[in-house]
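Q:
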Amino acid sequence: MAEGELLIRNGVVYDPINGVKGEKKDICIRDGKVVESVTNPKVIDAEGRVVMPGGVDIHSHIAGGKVNAGRLFRPEDGRKGVKARTKVCRQESGYSVPNTFATGYRYARMGYTFVMEAAMPPLAARHTHEELVDIPILDNAALPLLDNNWMTMEYVKSGDTDLLAAYIAWMIKATKGYSVKVVNPGGTEAWAWAKNCDLNDEVPYFDVTPAEIVKNLAVANEKFEMPHSIHVHGNMLGHPGNYEVTTSTYDLVKGIKPYRDRPAMHATHTQFHSYGGTTWGNFESKAGAIADYINKNEHVSIDLGSIILGDTTTMTADGPMEYSLYQITGRKWTNHDVELETGTGITPFLYSGKSPVNTIQWAIGQELALLVKDPWKLALTTDHPNAGPFIGYPIIISMLMSKKRRDESAEDMHKVIFDRAEYCSIDREYDLNEIAIITRGMAAKTLGLHEHGKGHLGIGADGDVAIYDMSPEETDAGKIQKAFLNTKYTIKGGEVVVKDGEVVATPAGKTYFVTPECDEKLTDEMLVKLKDKFEHYYSVSFNNYPVQDAYVPNPYEIKAPWRS
Amino acid sequence: MVEITDVVCSLCGCVCDDIVVEVEDNKVTKVKKGACAVGKSKLMGHGRIEEPAIRENGSLKACSYDDAIKKAAEILAASRRPLLYGWSSTVCEADKVGVELAEEIGAVIDNTASVCHGPSVLAIQDVGLPSCTLGEVKNRADLIIYWGANPAAAHANHMKRYSYISKGYWTEEGKKNKKLVVVDVRRTATAKMADVFLQIEQGKDYLVLSALRALLYGYEDVVPEEVGGIPKKDLLETVKMMKESKFGIIFFGMGVTHTRGRHNTIVNAIEVTRAAHTHTKFSIMPMRGHYNVAGINQVCTWETGFPFAVDLTRGYAWYNPGEVSATDLLIRRECDTALIIASDPGAHFPGESIRHLAKIPVIQIDPFPNPTTEFADVVIPAAISGVEAEGNVYRMDNIPIRLRKLVDTEYIADEEIMKRILEEVRAIREKEGE
Amino acid sequence: MQTIKLKLKEEVTRGVAKIPVEVDSLTPDKLAGKTEAEIKAVKVWWGNKEENTGDLFDVSVEGEAGSAEEVKIVLEGDLSRVKHIGDGMKAGEIEALGDVDMHCGAMMSGGKITVKGAADCWAGREMHGGELVIEGDAGDNLCAMYRGEMTGMTGGKVTVGGNTGECVAQNMAGGEIEIKGNAYILTGLNMKGGKITIEGDAVMPGADMTGGAITVKGNVRDMIPSFRLEGTESIEGEEYKKYTGDLAMTEKKAKGVLYVK
Amino acid sequence: MGTKVNLISGRTIVQGQNLDNKLSEAYFNEVATCELNGSDMEKLGVAADERVKVKTSFGEVVVKAKEKAGTPEGVIFIPMGPWANALVSGDTHGAGMPSFKGIDAEIEPTEEEVLHVKELMKTYMG
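Residue numbers (the numbering used here), protein chains in the order written: chain A, 1 to 564; chain B, 1001 to 1434; chain C, 2001 to 2261; chain D, 3001 to 3126.
Dropping the structure here:
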């Protein structure tokens, strides 16, 4: 946070959380926060330029064991983005798996100031935090994986949702995490035996189904005043015909009353879950069916996981899925199962416009954005780096804003795009207000961060501002893309961190974490079971497990009291 | 007397964290539980480098920390091709400052992986690593293969805590439910415990691994009657055990990384794992040596994109083991100064490379005197991580664990020493207008 | 035609440390059209500092060139710590009068490099085209890929007068390599295409190959045990055993051919 | 002219215990040694604790002989450390890893003294 005053004058402001849709307006910042007025400010002239709150990414893999395993096993990716150090910046490397410094700089250049690390294996949480600390500029948080955990499954089996709540509360605290992450529930545990699970299969040895895991975790999560819902990567990701599994997963939380005005489930990288057909041969888009569900229901929010063409590094706790992908490509494959908790799979992948399957995947991500009517229900992501690196966001933005660009691009893709996707028949074009919603407003609200100053420019909000070098009337897709790639200014906590596309300051970001407050008796009862797990099955001791305060030097704590 | 529990061992890649020690008069007086003979020896302590020193006319003269740090900074700031080497027996917090210093002065930064499991890293870069945490092995593995690894000597708690002898959820009866295969040139203490011992001809690992792959994929017809000194029937028996296991793991050590073929032998071992995975669950894991060699690889990777042998001469990272790895730089006489921290090339590098090291200015940062001290020009004593200083380390399966501080010390921790050198270097460069 | 002579000054390699000079900025493509004074001012890396070419090399220029094709660079002096000679070159000619250091001809796509001595590791790394002649020995990873990449050499022609090191042509996908001497272990490792001829002996050639052809005219030591003997074939009047492999990559992929006497 | 053998190096428990104690007698007694098969010892005509000189193209060193049953004939094992490293090749074959195992060596009985670590280091200086 910078001390002093800043005035951003005459910009055209898009602040959807506060209903500001392209109004010419001044933004005043004092000591890092948005205020009514300032007296003796530094002035930035934003005349005629697009001004938005700092971007908020709801789901991205930027830090931790699997991201780094991705970097480590891809020196060929590392050599792609090398940039020498400057007086201000550390050296950069990497494209799909950039180093920590490049991650911070590149997001900041796009006007983003908050990124959620989407998957933190609890046992390796210290690693995630070590990297988050090393990512300059960005405020951050991380989602601990809590669905394939033996403790979770045992409580699901016994039906003790209160004890399950005590467990997730303890784990979120122990990992300095933000909310409950679910990745291929049951399937990742099954993968430890080289198997997988569909939504209603029994998890080997545990006598529960993935559907039961998801439902119980949603119930347990809502027992606290949690800012965010459960964050779900469902079963059968990336399998042809999985869209019915997807909607069945959504159905699981129907009727669960969320703590606040947000859905009870956030379903992530929906592109990978919107597949029709029965094989890769007759693979087709079911974005329409998924969008239809989202349009008719209020209990699920989504993010896109939209494809960026080119080479990338796929990585997920969904081990069996990565294995399938590796079997298709025969390229390198890393797997890392994590005892009692989760797993990791990583393999490089090339999305090619010449491939019919990749073409349809590419169409699906954008179709979802275009077919879901209410932009407040979705966030722009590429599930970085799974569907492509985050640095491709401006491409997606320009596509959504320009039917012309979509038509031109479709011409370069495999011809299946004309008959196995709706892509070419959709005329909708996003306006800047909608772009502001899917790149900051929606994510901030869904994560509950708008109450903590993120994703908007109301009085008291964080002084995080992106000023794009474009007029609100701009229709040229190329110019839009360029503007969203490198801001004229990015301001973080009232400090100019990017100017004319160059990083000029690198303050440290804050780590946001949630402290669910659970009844002590419940916690004690749960701990008896948990300590037994450490005594017999974990390979580290109980007392060395929780993340020490030293790993979060810039903490922002959000308390989540028990609800009743 | 105070008893401290859950002490974390800072010796080998096992990073045992259930040790109990007694501390009296600010000294570890007893290791009560958990540590192996080697770890215990570390916790109980050895003779120290007593004070900072600078070499003058051939012998080390004691000086203050300030003087030693200043001298170190002067040497580094004036260097055209400095090497910053070591980093494995210290904490990640110090390693981070090391990378920053390397960027600041345009140095090559390398760590002990380059003479230990560097080839494993190179192999992973070609084919990836199907692996898991050690607890997975403990709970599930019914087939354990040690290949070119002798945990009985090098990782004395490994079998007990994590693999053959440990008891877990699906392995309640310990080694009764498990099979042990050992592949080695010598009949080691570990080999003596094995259900199957494949005594391999030195240097023939690659051939044996290729044969195993052919057998796992079902091409028995092409494999000759003997490969690398091992009869085909023994290979077939091993393959049968692999296929019939529910969860198999290969642990490999320096018998593989040091042998002919180096990283490609490991690629082949990983390919065997991939082939076995078409039948059952199979994983593979390098037996990392130093307690935080995995950690410097992690830090170096997230900060530069690459795990070791990183040349930051041009201000950005150029990664190439075999070119900018420490031994190569020294044998080729490429570097003109060296900072050695938390490692001992004097003892662990080939003589050929020590010859150059002895000729150039060397800065040593270490708690203990060792062969490197014999030719170091600036010697800076450090606190012992895990005894006198805390910090993060990564176990051989990349699980991060925080070392505990057990006693107080006057010695400065590595992180602080590095930060002060960096500050001094910056001050010198600022003065020079760079 | 233009001839640019660059003679490395003795003092550059005279110190206790022999700090390498990296000359990827000195290719015919990059020097074409430059005057002697301009060439002298081209920056080259010497350790962690950029220096003027003229400060490290004696530079002389004869003739004129309309394009890179007409430029010939002759490197002289102790070149054993001169790295990246002809790295990325597209046209023209480089002649190195002596042993050269690593990455000579790496990523080259055209033109010709002649090394009058030995070349250290990674010569011809990821070469796409052109010709590289090494009259002496070549080090490890000749014509291989960079770390982690799927593809090594894809085109062009490489001739080595002497012996070669480990992992020659790893991940090679195209082009041709001729080795007059012996090839050390794992030549053609993971090769997918192209052609390698070894006049002398080889150790463990062709491991993990999925395409392309290797011919060993001398002896093969430590034959990879996962190749299938298909019969014999005559090449230039001599009988060779023909193997296909590597079956360790599975039958579906094992499309490499290895000819052994 | 000594007997031709294949030299390998590696870890031992006592070497590990004295990793931070390399100037000690304990380290010297453990690491300045060479393990051989009994029949190789007989052929060489050396008994336990007698000295042997090991030579490679990279150097030579005197160490104490030690019988070890599990070591195959024709292979000698010197614990990793300064004595083994006086003999190994620094050629990393483009991988950064020197050749610590599988070095062609010659071994013969000797009356020469085993150099202490400090003396051994001195041979690299000047």
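Yeah, the Cβ is synthetic: ideal placement off N, Cα and C, and Gly gets one too.
Show which residues of chain C have a CB atom less than 8 Å away from the CB atom of Gly3094 of chain D.
A: The contacting residues are Cys2121, Trp2122, Gly2139, Asp2140, Asn2141, Gly2165, Glu2166 and Cys2167.
Q: Using only the alpha-carbon positions, how far apart do Tyr2146 of chain C and Ala379 of chain A sit?
A: About 38 Å.
Q: Looking at the secondary structure, which residues open and close the alpha helix (DSSP H) in which Tyr3027 of chain D lies?
A: Per DSSP, Tyr3027 of chain D belongs to the alpha helix (DSSP H) from Glu3025 to Val3031.
Q: Using 10 angstroms around the beta-carbon of Thr475 of chain A, count the other beta-carbons present and answer buried if the total reaches 16, otherwise exposed.
A: By the neighbour-count rule (16 or more Cβ atoms within 10 Å), Thr475 of chain A is not buried but exposed.
Q: On a Cα-Cα basis, can you pick out the residue from C:Ser2080, C:Gly2015, C:Cys2104 and C:Gly2162 that is closest to Leu2026 of chain C?
A: Out of C:Ser2080, C:Gly2015, C:Cys2104 and C:Gly2162, C:Cys2104 has the C-alpha closest to the C-alpha of Leu2026 of chain C.
Q: Along the stretch 1102 to 1126 of chain B, where does the CB come closer than 7 Å to a CB of chain D? Name the residues.
A: Cβ contacts with chain D come from Ser1114, Val1115, Gly1118, Pro1119 and Leu1122.
Q: Cβ closer than 7 Å: which chain D residues qualify as neighbours of Lys1042 of chain B?
A: The contacting residues are Asp3020.
Q: Can you give me the C-alpha to C-alpha distance between Tyr250 of chain A and Pro1286 of chain B, rounded to a whole angstrom?
A: Rounded to whole angstroms, Tyr250 of chain A to Pro1286 of chain B spans 41 Å at the Cα level.
Q: So what's Leu1060 of chain B in DSSP terms, helix, strand or just coil?
A: Residue state, collapsed to three classes: strand.
Q: Where does Met2102 of chain C sit, in a helix, a strand or coil, going by DSSP?
A: Met2102 of chain C falls in the coil class under three-state DSSP.
Q: Determine the contact status of Asp2246 of chain C and Met2223 of chain C, defining contact as a CB-CB distance below 7 Å.
A: Taking 7 Å as the Cβ cut-off, Asp2246 of chain C and Met2223 of chain C do not qualify as a contacting pair.
Q: For the beta strand (DSSP E) that Glu1050 of chain B lies in, which residues bound it at each end?
A: From DSSP, Glu1050 of chain B is part of no beta strand (DSSP E); its letter is neither H nor E.
Q: Check whether chain B comes within 7 Å of Met3097 of chain D, counting only Cβ atoms and requiring the distance to be less than that.
A: Taking Cβ atoms only, chain B reaches closer than 7 Å to Met3097 of chain D, which makes this a yes.
Q: Taking one C-beta from the stretch 1290 to 1300 of chain B and one from the stretch 1255 to 1269 of chain B each time, how about it: are there three or more such pairs within less than 8 Å?
A: The stretch 1290 to 1300 of chain B vs the stretch 1255 to 1269 of chain B: no contact.
Q: Which same chain residues, not among the five before or five after Glu1271 of chain B, have their C-beta less than 8 Å away from its C-beta?
A: So the qualifying residues of the chain are Val1127, Leu1209 and Arg1213.
Q: Just how far apart, CA to CA, sit Thr3110 of chain D and Thr2164 of chain C?
A: Taking the straight line from one Cα to the other gives about 38 Å.
Q: Let me see if you follow: with CB-CB separation under 7 Å, is Gly2063 of chain C close to chain A or not?
A: Chain A, which has no Cβ nearer than 7 Å to the Cβ of Gly2063 of chain C, makes this no.
Q: Where DSSP assigns a beta bridge to Met116 of chain A, which residues make up the other side?
A: A:Ala141.
Q: By how many angstroms is the C-alpha of Val504 of chain A removed from the C-alpha of Val496 of chain A?
A: Going from the Cα of Val496 of chain A to the Cα of Val504 of chain A covers about 7 Å.
Q: Using the DSSP secondary-structure output, state which residues sit across from Leu1101 of chain B in a beta bridge.
A: For Leu1101 of chain B, which the question treats as bridged, DSSP gives no partner whatsoever.
Q: What number of angstroms, rounded off, separates the C-alpha of Met315 of chain A from the C-alpha of Tyr178 of chain A?
A: Whole-angstrom Cα-Cα distance: 20 Å.
Q: Where are the beta strand (DSSP E) runs, 3 residues long or more, that stay fully inside the stretch 2012 to 2098 of chain C, in chain order?
A: 2043 to 2046, 2049 to 2052, 2057 to 2063, 2071 to 2076 and 2093 to 2096, all fully within the stretch 2012 to 2098 of chain C.
Q: Mapping the DSSP letters down to three states, classify Tyr205 of chain A as helix, strand or coil.
A: Coil, per DSSP.
Q: So, Thr1190 of chain B versus Ala1152 of chain B, is the Cβ gap smaller than 7 Å?
A: Their beta carbons are under 7 Å apart, which means Thr1190 of chain B touches Ala1152 of chain B by this criterion.
Q: Identify which residue in B:Ala1035, B:Leu1180, B:Thr1090 and B:Thr1171 has its Cα closest to the Cα of Met1044 of chain B.
A: For the residues B:Ala1035, B:Leu1180, B:Thr1090 and B:Thr1171, the minimum Cα distance to Met1044 of chain B belongs to B:Ala1035.
Q: Please report whether the beta-carbon of Gly1315 of chain B lies at a distance below 7 Å from any beta-carbon of chain A.
A: Yes, because at least one Cβ of chain A sits closer than 7 Å to the Cβ of Gly1315 of chain B.
Q: Closer than 7 Å by C-beta to Glu3067 of chain D: which residues in its own chain qualify, once you throw out the five before and the five after it? Chain order, please.
A: Closer than 7 Å at the Cβ level, and outside the excluded window around Glu3067 of chain D, lie Leu3036, Gly3038, Met3041 and Ala3048.
Q: Taking the alpha carbon of Gly271 of chain A as the point to measure from, which residue in A:Ala264, A:Ser285, A:Asn40 and A:Gly65 has its own alpha carbon closest?
A: According to the sequence as given, residue 271 of chain A is Gln; it is not Gly. Per the Cα distances, A:Ser285.
Q: Of all the residues that make up the stretch 1193 to 1209 of chain B, which are near chain C by a beta-carbon distance shorter than 7 Å?
A: Under the 7 Å Cβ criterion, the stretch 1193 to 1209 of chain B contributes Tyr1206 and Leu1207.
Q: Nearest by alpha-carbon distance to Trp280 of chain A: which of A:Gly111, A:His239, A:Leu123 and A:Glu502 is it?
A: Of the listed residues, the one whose Cα sits closest to Trp280 of chain A is A:His239.
Q: Any beta carbon from chain B within less than 7 Å of Pro2205 of chain C's own beta carbon?
A: No, Pro2205 of chain C lies away from the interface with chain B (no Cβ there is under 7 Å from its Cβ).
Q: Within 7 Å (strictly less), CB to CB, does Gly2033 of chain C reach chain A?
A: No, its Cβ sits nowhere closer than 7 Å to a Cβ of chain A.
Q: Can you name the residues that DSSP bridges to Trp1318 of chain B?
A: According to DSSP, which records beta bridges pairwise, Trp1318 of chain B is partnered with B:Asp1311.
Q: Going straight from the alpha carbon of Glu1244 of chain B to that of Gly111 of chain A, what length do you get?
A: C-alpha separation (whole angstroms): 54 Å.
Q: For Asn3006 of chain D, which of helix, strand or coil comes out of DSSP?
A: Looking at Asn3006 of chain D - three-state DSSP - the assignment turns out to be strand.
Q: Near Thr3033 of chain D, what residues of its chain come up, given a Cβ to Cβ distance below 6 Å and the 5 sequence neighbours on each side ignored?
A: Excluding residues within five positions, the ones whose Cβ falls inside 6 Å are Val3063, Lys3064 and Lys3066.
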